[in-house]
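2 protein chains.
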Amino acid sequence: MAKLTSLKAEKRQLDRRAADHIRSHILDGIFPANSRLLETQLSDELEVSRGTVRSALAQLASEGLVKQVAFTRWEVSGSSTTDGWEIYTLRGALEGLGANLAAANVTAEDASRLRTIGSELLRAISERRFQDATDIDFDLHAAIIALARHRRLADQHRLIMHQVRFHMVQSGFLPKDYDELIAEHKELIEAVIAGDAERAERLARNHNDAEVRLLTASLQQGDQSGRLDAESV
Amino acid sequence: MAKLTSLKAEKRQLDRRAADHIRSHILDGIFPANSRLLETQLSDELEVSRGTVRSALAQLASEGLVKQVAFTRWEVSGSSTTDGWEIYTLRGALEGLGANLAAANVTAEDASRLRTIGSELLRAISERRFQDATDIDFDLHAAIIALARHRRLADQHRLIMHQVRFHMVQSGFLPKDYDELIAEHKELIEAVIAGDAERAERLARNHNDAEVRLLTASLQQGDQSGRLDAESV
DNA sequence: GCAACAGAAATTGCTGACAATCGGCGATTG
DNA sequence: CAATCGCCGATTGTCAGCAATTTCTGTTGC
Numbered sequence: 005m006a007k008l009t010s011l012k013a014e015k016r017q018l019d020r021r022a023a024d025h026i027r028s029h030i031l032d033g034i035f036p037a038n039s040r041l042l043e044t045q046l047s048d049e050l051e052v053s054r055g056t057v058r059s060a061l062a063q064l065a066s067e068g069l070v071k072q073v074a075f076t077r078w079e080v081s082g083s084s085t086t087d088g089w090e091i092y093t094l095r096g097a098l099e100g101l102g103a104n105l106a107a108a109n110v111t112a113e114d115a116s117r118l119r120t121i122g123s124e125l126l127r128a129i130s131e132r133r134f135q136d137a138t139d140i141d142f143d144l145h146a147a148i149i150a151l152a153r154h155r156r157l158a159d160q161h162r163l164i165m166h167q168v169r170f171h172m173v174q175s176g177f178l179p180k181d182y183d184e185l186i187a188e189h190k191e192l193i194e195a196v197i198a199g200d201a202e203r204a205e206r207l208a209r210n211h212n213d214a215e216v217r218l219l220t221a222s223l224q225q226g227d228q229s230g231r232l233d234a235e236s237v
Numbered sequence: 005m006a007k008l009t010s011l012k013a014e015k016r017q018l019d020r021r022a023a024d025h026i027r028s029h030i031l032d033g034i035f036p037a038n039s040r041l042l043e044t045q046l047s048d049e050l051e052v053s054r055g056t057v058r059s060a061l062a063q064l065a066s067e068g069l070v071k072q073v074a075f076t077r078w079e080v081s082g083s084s085t086t087d088g089w090e091i092y093t094l095r096g097a098l099e100g101l102g103a104n105l106a107a108a109n110v111t112a113e114d115a116s117r118l119r120t121i122g123s124e125l126l127r128a129i130s131e132r133r134f135q136d137a138t139d140i141d142f143d144l145h146a147a148i149i150a151l152a153r154h155r156r157l158a159d160q161h162r163l164i165m166h167q168v169r170f171h172m173v174q175s176g177f178l179p180k181d182y183d184e185l186i187a188e189h190k191e192l193i194e195a196v197i198a199g200d201a202e203r204a205e206r207l208a209r210n211h212n213d214a215e216v217r218l219l220t221a222s223l224q225q226g227d228q229s230g231r232l233d234a235e236s237v
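This is how it looks when you write it as structure tokens:
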């Protein structure tokens, strides 16, 4: 007997839904970087209690999208050059591991699935639907990570990709060379499908190298938009 | 003029302190894997309100030490073979990145600091103070990560090391070969100090390879202590 | 004897109110 | 006039209680 599992999926906890709402506002740029978030204001807007909002904000803080200044304020995280550098280097390490593991246990259906997403990406770009293309890009990377069958990695990857998205919005990032982008993705997909773990890992790790080099250079040039480390020890 | 910064550091928020308390109980094995945690019981024991305990538990859940079953229960995370495999592979990726970056910007004082910790480790082992040795081992790896000057990486590393510690306690892990352990650490330290990023990265990544291979083999042998993935999509 | 069901008990989810803390504004004083 | 102190409003931190949900238990019907 088919038991219809939770037809009413709206039973999700209020604080989770509140967190989702606030998160999407942040990722869409409605709450800009470094802007202040007031518990009372959010609780009014979402029509939940302040405690629920606090719980949601705490979640977002653990995801790195929000910062808490104790006894004082909540604010949307900044997205400085330093932040960008951190985000992309960490992403490289995680996706490198993911691609390696994915290549090690890829199946035939996985392969066709990856190729499907790849062709969707190609189509979106050729039709100049760049917003869709970005989403599909994210889906593709998530799909590869999923193949690693590594829950902790998948969780971390989801979090860092939120930060990537946030940083892209804040910095007005746009890919420069769509042809190269497509080529890189195609290469990565084929390496994973071929089961070439080493090659897949290298491609995944270097996928953001251009971005990282740019940010590194910007940092070393004494770009002061990064936060300063005032403390030692 | 020496400004005395915050003599009263006990102003930390209650939920943080509650989380610290519960976390140390988990890491010390007082709350065993998969054991249930009752909000009321904890709030009685810690003499704080249930809301505060809830906040603490939510933090620990985001750290992966605790699981929340909605509307039902909190429990200490399990530590199966699968979990161990996830933890050590992820650790390898993070420490690889960390060692690479550390080697890239190590200074003279950093070098002496690392060597000091290294000799402390050596002494603890030669004097058969193995508990101390484990702590120093953790300090050493944390010190290398700190050199990377990468806040997100440091945060993730701290979390994963908590899980490593937990898994070690749960699985009764003990290093087999202290001589090799020392040799590996010495090699890693010297590679970082020499600024050989590539070599440092490789050493850091392979540091847990023996453990990973053991766990991988155990998994492929159909060891069913890992959790099953019941869902697809 | 066993399965299904209803009510009770236990536990988690959420809320509104109270307490503690912070930042700014104005008064005061040298 | 400038610097410091203390008050006040605003905001976050904590609490105790009510609501919703799950699990347990005893009962009923077959």
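Chains A and B, in that order, are what the protein sequence lines are.
All letters in the first sequence, in the order written, are residues 5 to 237 by the numbering used here.
All letters in the second sequence, in the order written, are residues 5 to 237 by the numbering used here.
All C-beta atoms in this analysis are idealised placements derived from N, C-alpha and C, irrespective of residue type, glycine included.
Asked, Found
"Assuming residue 1 of chain A contacts residue 174 of chain A under a Cβ cut-off of 8 Å, what Cβ separation, rounded to an integer in Å, is found between them?", "The requested residue 1 of chain A does not occur in the structure, where chain A is confined to residues 5 to 237."
"Can you tell me the Cα-Cα spacing of residue 99 of chain A and residue 49 of chain B, whole angstroms?", "43 Å"
"Strictly by DSSP, which residues pair up with residue 78 of chain A?", "A/41 and A/72"
"Can you say whether residue 19 of chain A is buried or exposed, counting buried as having 16 or more other CB atoms within 10 angstroms of its CB?", "buried"
"Return yes when the C-beta of residue 54 of chain A is under 6 Å from any heavy atom of the ligand SAH, and no when it is not.", "Looking at this structure, you won't find the ligand SAH or any other ligand, since it has none at all."
"Less than 7 Å between the beta carbons of residue 88 of chain B and residue 219 of chain B, yes or no?", "yes"
"List, in chain order, every chain A residue whose beta-carbon is nearer than 8 Å to that of residue 138 of chain B.", "Those do not exist, as residue 138 of chain B stays about 22 Å from chain A at its closest Cβ, beyond 8 Å."
"At a Cβ threshold of 7 Å, is residue 90 of chain A touching chain B?", "yes"
"Which residues, in chain order, does the stretch 24-58 of chain A contribute to contact with chain B at a C-beta distance below 7 Å?", "55"
"Report back the beta-carbon spacing between residue 129 of chain A and residue 182 of chain A to the nearest angstrom; my notes put them in contact at under 8 Å.", "5 Å"
"If I measure Cβ to Cβ from residue 59 of chain B and keep anything under 7 Å in the same chain, skipping five residues before and after, which residues do I get?", "19"
"Would you say residue 171 of chain A lies against chain B (beta-carbon separation less than 7 Å)?", "no"
"Looking at the secondary structure, which residues open and close the alpha helix (DSSP H) in which residue 181 of chain A lies?", "Segment: none, residue 181 of chain A is in no alpha helix (DSSP H) and carries neither H nor E."
"Can you have a look at residue 51 of chain A and say buried or exposed, based on whether 16 or more other CB atoms are within 10 angstroms of its CB?", "exposed"
"What are the uninterrupted segments assigned as alpha helix (DSSP H) that are 4 or more residues long and contained completely in the stretch 48-125 of chain B, given in chain order?", "54-67 and 85-108"
"Rank B/64, B/86, B/85 and B/90 by C-alpha distance to the C-alpha of residue 79 of chain B and give the top, closest one.", "B/64"
"Could you check what DSSP says for residue 235 of chain B in three-state terms: helix, strand or coil?", "In this prediction, residue 235 of chain B has a pLDDT of 33, which is less than 50 and means its spatial position is unreliable; what the coordinates show is noted afterwards. In this structure, residue 235 of chain B counts as coil in the three-state DSSP scheme."
"With contact counted as at least three CB pairs below 8 Å, one residue from each stretch, are the stretch 185-201 of chain B and the stretch 137-153 of chain B in contact?", "yes"
"Pull up the distance between the alpha-carbon of residue 198 of chain A and that of residue 97 of chain A, whole angstroms please.", "21 Å"
"Give the C-beta separation of residue 47 of chain A and residue 57 of chain A to the nearest angstrom, bearing in mind that I take them to be a contact with Cβ-Cβ under 8 Å.", "5 Å"
"With a CB to CB cut of under 7 Å and the five nearest residues on each side skipped, what residues in its chain are close to residue 94 of chain A?", "164"
"Between which residues of its own chain and residue 228 of chain B is the CB-CB distance below 6 Å, once the five residues before and five after are set aside?", "Note that residue 228 of chain B scores a pLDDT of 49, beneath 50, so its modelled location is shaky and nothing firm can be said."
"Can you name the start and end residues of the alpha helix (DSSP H) that residue 174 of chain A belongs to?", "155-175"
"Applying a beta-carbon distance threshold of less than 7 Å, which residues of chain B neighbour residue 17 of chain A?", "74"
"Excluding the five sequence neighbours on either side, which residues of its own chain have a C-beta within less than 7 Å of the C-beta of residue 137 of chain A, listed in chain order?", "125, 128 and 129"
"On the three-state DSSP scale, how would you describe residue 17 of chain A?", "coil"
"By the criterion of Cβ-Cβ separation under 7 Å, what are the contact partners of residue 107 of chain B in chain A?", "The premise fails here: residue 107 of chain B is roughly 14 Å from chain A at the closest Cβ pair, so nothing lies under 7 Å."
"Since residue 157 of chain B meets chain A, which of its residues come closer than 9 Å, beta carbon to beta carbon?", "90, 93, 94 and 97"
"Taking the alpha-carbon positions, what's the residue 123 of chain A to residue 206 of chain A distance?", "22 Å"
"Looking at the C-beta of residue 145 of chain A, does it have a partner C-beta in chain B at a distance below 7 Å?", "no"
"Excluding the five sequence neighbours on either side, which residues of its own chain have a C-beta within less than 6 Å of the C-beta of residue 171 of chain B, listed in chain order?", "83, 88 and 91"
"Is residue 128 of chain A helix, strand or coil when you go by DSSP?", "helix"
"Buried or exposed, going by whether 16 or more other CB atoms sit within 10 Å of the CB of residue 35 of chain A?", "buried"
"Is the stretch 107-116 of chain A touching the stretch 67-74 of chain A in the sense that three or more CB pairs, one from each, lie closer than 8 Å?", "no"
"According to DSSP, simplified to helix, strand and coil, what is residue 152 of chain B?", "coil"
"So residue 157 of chain A and residue 148 of chain A are in contact, right, with Cβ under 8 Å, and what is the actual spacing, rounded?", "Incorrect: roughly 11 Å between the Cβ atoms, too far for contact."
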